[in-house]
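Chains as they are written, first to last, in the numbering used here: chain A, 1077 to 1449; chain B, 64 to 314. Quick reminder that beta carbons are idealized off the backbone N, C-alpha and C, glycines included.
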Amino acid sequence: MRGSVALRLEPGGRAVLALRGQFLLDGGVPSHEEVARDLKDLKGISSVGFDCGELGKWDSSLLAFVLRLEGELGGSGIVVERSGLPKGAKRLLDLAASSPRGQARERERGSLFLRTGQWASSQMIKSWDVVGFLGEVSWSMGRLVTGRARFRGSDLLHVMHRCGVDALPIVSLISFLVGLILAFVGAVQLRVFGAQIFVAALVGIGMVRVLGAIMTGIIMAGRTGAAFAAELGTMELNEEIDALRTLGIPPVEFLVLPRMVGLSLMMPLLCVYSDLLGILGGLSVGVVMLDINIQEYLRMTREAVKPSYFWIGVFHSFVFGVLVAITGCFHGMRAGRSASSVGQAATSAVVSGIVSIIVATAVITYLCQVLGL
Amino acid sequence: METAAIKIENLTMAYGDNVIQRDLTFEVPEGKVTVIMGGSGCGKSTLLRHMLGLVEPKRGRVLYWGEDFWGADEARRLSIMRRIGVLYQGGALWSSMTLAENVALPLKEFTRLTEREIQELVSLKLALVGLAGFEDFYPAELSGGMRKRAALARAIALDPEILFFDEPSAGLDPVSARRLDELILELKESLGATIVVVTHELASIFAVGDHSVFLDSVEKTITAMGPPKDLLAHPPNERVREFLTRGGSLN
């Protein structure tokens, strides 16, 4: 039975609200506005009480009803007496009223000038943070070279396995398809000039010099960079990184170094693997679509791809390995202490990993141009 | 004769072949505070997870108001779960939402109240746990004790008939822990709720417990049951005595 209210007058300017039926969150509670209006219309009422003799089950909706009624009658001079309410309800209302109010949130928005300044100074602090992190990484690299770095060899092997061997299937698929697409697009144009055979050179040079490295770099940014950020972010959340610090073990040395070394060792290997798979993809288009002889295709590839191209590709991938590891670890270690901040850290790690890969490619390509490679 | 809100019958809990506790049979009386106690690693929290329907028991039954939880269909299980509130050990507030949003979510999902009514109820619940005015704060901006109280506000959002507390005083200073205990008693009195507390804090056990169940980590079953004060006065076995006296002697 839905809750209802009946108004009853008692001598001495007192009104009594008889509550009947159930006052539950699920089902209709009478409107406090109507009750308040009725009370105000009856002139000369000084107080209002409750009669809960026929009240059935009740929950918070009864409390909310009483509070709203009190709010509505606030300025009218009618006093609400809680004494007639069920004992539990009265106690809960008293408990809620006894709670000290917390300081209200002040979300001040300053002037545009102020906000620009705040933004700039926060960016400044962030960039210093990056510089500091890079400094720490270089310092630990120095210690690694002199054989004084503290990290566990098993961690390094674990990282190498996870970001090397475990990545083979996805690298195979993507590289093969990229080689295939490159050959396919090239073939359409080159056939016009009867120069199908140059598809081999196009795919060979493209994959070996830059595409193999970029494709593995992007895969690793999405796969491993994000994993590093999430892992270190969760460690930060669990105070595991603080535990390392208080033990006197530099977290950068213990956590970042194995990841960076592991990834930058595996990246060149993955890159070479990706080059081969890409050429295989091109080869399959050449053989099936363009009727090029396999030996002929491979000879053309060998002629087109100079050893220097190979080393440029490998150099790219080494740089990408360092960049992906650093961005992943940096964002992980700077993650805040909540679930959403770990998610944010993983996102920023992937985004800045990919951006840094593209920027690094542009820089290296320009340098090769200048050096005439 | 008092009725049982929850009945556990011959419950055996195991992870793989590793049996945690076997043949647990006990009742949680309605409108009382029942304490599940025992040393670290005895399976208290695992028992709680079984009672909450998060883990299916290896053997045995969990009955809510006489209804077999795991024998019921999905819809029935959900409707039982709706009548339960849980305060997790770390609070388990959703960190991407403000306190108000945390408390409002169950109200939005399970009732047809308007936005304004929900906001009023949220403010009321937060006031009940002593956090009036903290609606717009994020969990990360609060202290551990405040976070726990906010989680309690979320647990009582739907006026549950049974409230579970997992280690309510863990990580709280003695004063905050006592305030939380008082709040538990206050909620029991005024809401008339049945309360289950999993803890190993002696102060809490004696302060709030009407009834208790002792899980023994060596015997791997319940070795004592009854009001905590009675168990302290007449410990049925050595390990219960040791537990309730912090390893001290009877004198």
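With a threshold of 8 Å between beta carbons, glutamate 249/B makes contact with chain A. Taken atom to atom, the span from the alpha-carbon of alanine 1173/A to that of glycine 208/B is near 20 Å. One alpha carbon belongs to methionine 1236/A, the other to glycine 1338/A, and they sit about 5 Å apart. Residues are counted here when their Cβ sits less than 9 Å from a Cβ of chain B; for the stretch 1409–1436 of chain A these are Gly1412, Arg1413, Ser1414, Ala1415, Ser1416, Ser1417 and Gly1419, given in chain order. With a threshold of 8 Å between beta carbons, leucine 87/B makes no contact with chain A.
At a cut-off of 8 Å, the C-beta of leucine 191/B has a neighbouring C-beta in chain A. Membership of glutamate 1086/A in the beta strand (DSSP E) is indicated by the continuous run 1080–1086.
By the CB criterion at 8 Å, glycine 1288/A and leucine 1356/A fall outside the cutoff.
The C-alpha of valine 1328/A is placed about 10 Å away from the C-alpha of methionine 1217/A. Judged by pairs of C-beta atoms under 8 Å, the stretch 1393–1405 of chain A touches the stretch 1330–1348 of chain A, as three or more such pairs exist. The beta carbon of glycine 1132/A sits no closer than 8 Å to any beta carbon of chain B.
According to the DSSP secondary-structure assignment, asparagine 81/B is paired through a beta bridge with Tyr78/B.
Of the other Cβ atoms in all chains shown, fewer than 16 fall within 10 Å of the Cβ of serine 1152/A; this residue is therefore exposed. Taking all protein chains shown into account, histidine 297/B has fewer than 16 neighbouring C-beta atoms within 10 Å of its C-beta and is therefore exposed. Taking 9 Å as the Cβ-Cβ cut-off, the stretch 164–179 of chain B approaches chain A at Leu170, Phe173, Thr174, Arg175 and Leu176, given in chain order. About 25 Å separates the CB atoms of methionine 1200/A and isoleucine 1317/A; that is not less than 8 Å, and the two are not in contact.
DSSP places valine 260/B in the uninterrupted beta strand (DSSP E) bounded by 257–261.
Listed along chain A are Lys1163, Gly1164 and Arg1167, each with a C-beta nearer than 9 Å to that of glutamate 252/B.
Under the criterion of beta carbons closer than 8 Å, glycine 1404/A and alanine 1302/A qualify as touching, at roughly 7 Å.
Listed in chain order, the non-local C-beta contacts of glycine 106/B below 7 Å within the same chain comprise Met76, Ile83, Gln84 and Leu278, local neighbours out to five positions each way being set aside.
Residues of chain A whose Cβ lies closer than 7 Å to the Cβ of aspartate 222/B are, in chain order, Leu1101, Asp1135 and Ser1136. Taking a cut-off of 8 Å on C-beta distances, the stretch 1421–1428 of chain A does not touch the stretch 1352–1368 of chain A, as fewer than three cross pairs fall below it.
At a beta-carbon threshold of 8 Å, none of the residues of chain B lie near serine 1080/A; the nearest stands roughly 18 Å away. Three or more beta-carbon pairs drawn from the stretch 235–251 of chain B and the stretch 208–221 of chain B are found closer than 8 Å, and the two stretches are therefore classed as touching. Among the bridge pairs identified by DSSP, leucine 1093/A is matched with Leu1083/A and Phe1126/A.
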